[in-house]
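Numbering (this note's numbering), first residue to last: 20 to 147.
Just so you know, even glycine gets a beta-carbon here, dropped at the ideal spot from N, CA and C.
Worksheet for the structure shown next.
What follows is the structure in structure tokens.
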């Protein structure tokens with residue numbers, strides 16, 4: 020009896036996870052991997068790169084976000100306020116970057132800015 024419930028729950032989870040549609044763009048070059056996933060509600064970027072490129076990525080983030088303060092020495096998790104109430108989550112560690120942007124809570128201009136930031140980071144990491 021318990022086994023039937025476990026099987027039913029597993030099937031339900033598989034069906035549910037198959038219903039979520041993400042548009043995925045993955046770039047790999049050597050030891051660099053940049054993955055951009057986008058759904059109707061969220062924009063996500065995950066990147067792995069050489070530790071020596073961390074400062075360059077922090078600089079790009081600081082430039083693209085219009086002078087928003089970003090601690091380039093410690094590379095911590097931060098939630099940026101882009102303009103007004105638009106928010107962007109950035110987590111930068113040595114050799115790793117994670118960006119999360121909720122499309123439902125932010126406007127189209129902020130989304131375009133985040134997309135431009137992601138493209139700039141992707142080009143910068145894969146061209147070196």
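Option in the options with minimal Cα separation from residue i
| i | options | result |
| --- | --- | --- |
| residue 82 | 101, 30, 22, 53 | 101 |
| residue 140 | 63, 26, 126 | 63 |
| residue 110 | 50, 99, 103 | 99 |
| residue 59 | 80, 120, 65, 138 | 120 |
| residue 80 | 25, 146, 132 | 132 |
| residue 61 | 69, 76, 134 | 134 |
| residue 136 | 114, 112, 24, 108 | 108 |
| residue 75 | 54, 57, 112 | 112 |
| residue 144 | 84, 57, 77 | 77 |
| residue 72 | 21, 57, 50 | 50 |
Collapsed DSSP secondary structure at residue i in the structure displayed
| i | result |
| --- | --- |
| residue 50 | coil |
| residue 65 | strand |
Classification of residue i by the beta-carbon crowding that lies within 10 angstroms, buried from 16 upward
| i | result |
| --- | --- |
| residue 31 | exposed |
| residue 124 | exposed |
Boundaries of the beta strand (DSSP E) in which residue i is found, first to last residue
| i | result |
| --- | --- |
| residue 80 | Unbroken run through residue 80 is the alpha helix (DSSP H), 73–83; no beta strand (DSSP E). |
Kindly provide the ranges of any beta strand (DSSP E) runs that are 3 or more residues long and lie completely inside the stretch 96–139, ordered along the chain. 96–100, 106–112, 115–121
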